[in-house]
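Remarks on the structure that follows.
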Amino acid sequence: MASQSIFERIGGRDAVDAVVSDFYDRVLDDPVLDPYFEATDMDQLRSHQAQFISAVAGGPVDYDGDDMQTAHEGMGITEEAFANVATHLEAALRENGVSDDDVEAILTEVAAMEDDIVEA
35 MASQSIFERI GGRDAVDAVV SDFYDRVLDD PVLDPYFEAT DMDQLRSHQA
85 QFISAVAGGP VDYDGDDMQT AHEGMGITEE AFANVATHLE AALRENGVSD
135 DDVEAILTEV AAMEDDIVEA
């Protein structure tokens, strides 16, 4: 089982889609984060997020969105907003049965991108 990717362990694409759906429900209910998404095509964003999570989790998916810095440039994302996103992602992963070790591995990958996302 250790040779399986996180993507396989959590249940593949269906599980990732469930996490992404739960994640964005939480994000859009957050008054700090909701304004960032007012003019966003949420269907497209959900699709890119599913690709991103799948790729980070070692799934057979290539992320074809912009790099993190380009995708978030000019949005004025604060450390607070980044932390809230991470909190909601963690909650969505746990709510959908992802193991502690796999949650930590995914969050570590996300945390490594903070400098490319947060604007000083």
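First residue of the sequence shown: 35, per this note's numbering; consecutive thereafter.
Glycine is no exception: its CB is placed at the ideal position from the N, C-alpha and C atoms.
From the options, pick the residue whose C-alpha is nearest to that of residue i; which is it?
i	options	result
residue 77	96, 54, 127	54
residue 130	43, 37, 75, 38	43
residue 5	66, 109, 56, 103	Residue 5 lies beyond the range of the chain shown here (35 to 154); nothing can be said about it.
residue 61	49, 80, 108, 139	80
residue 91	101, 51, 69	51
residue 153	138, 116, 88, 126	116
residue 99	88, 151, 106, 82	82
residue 69	112, 45, 126	112
residue 138	123, 150, 149	123
residue 118	66, 110, 94	66
May I ask which residues mark the beginning and end of the alpha helix (DSSP H) holding residue i?
i	result
residue 86	76–90
Measuring CB atoms only, is the segment 133–141 touching the segment 66–75, in the sense that at least three cross pairs come out at less than 8 Å?
no
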